[in-house]
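Report on the structure given below.
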Amino acid sequence: GRSKLFIDGYVADELRTQRLVLDTSYATKVQALGRGWLGRAAARAERARRAEEERRRKEEEERLRRRLEEEARRLREQRALEEAALAEKVRLEEKRLREAELKRQREEAEQAEAARAEAERIQREQQQREG
-13 GRSKLFIDGY VADELRTQRL VLDTSYATKV QALGRGWLGR AAARAERARR
37 AEEERRRKEE EERLRRRLEE EARRLREQRA LEEAALAEKV RLEEKRLREA
87 ELKRQREEAE QAEAARAEAE RIQREQQQRE G
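Here you go:
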């Protein structure tokens, strides 16, 4: 048969091969475990990143909402001021028109009174000439 040296070499090769297989299997399992840990860590990091993005997005939406509300409030106040200014302008114009109308009526009344007085004077003069 085979010599003891050959068998020892063969056994040593087989043992070496089995040891490599075991080492490889162990390394593969450790790597898988590591990948699992890394995978979970990566998933946690991704969830944290998404949560942070969502928080930032909500903060930005809130800032935008507040800015829009402030702009709307400012525009309402500006409109109210413009309406008040316009109402004041209308009030002053109506007052001016009333005063102008009263002045015209006084002038007409004075003219009518002057015309009546003139008519009376003329009538008295006629009566004095006739009388």
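According to the numbering used here, the stretch in the sequence shown is residues -13 to 117, in order. All residues carry an ideal CB built from backbone N, CA and C; glycine is no exception. All figures in this text were calculated on a predicted structure; none of them were measured in a lab.
{"query": "What did DSSP end up calling Gly117 once you bin it into helix, strand or coil?", "result": "coil"}
{"query": "Put Ser11 into one of helix, strand or coil per three-state DSSP.", "result": "helix"}
{"query": "May I have a chain-ordered list of the beta strand (DSSP E) segments no shorter than 3 residues that lie completely inside the region 2 to 75?", "result": "none"}
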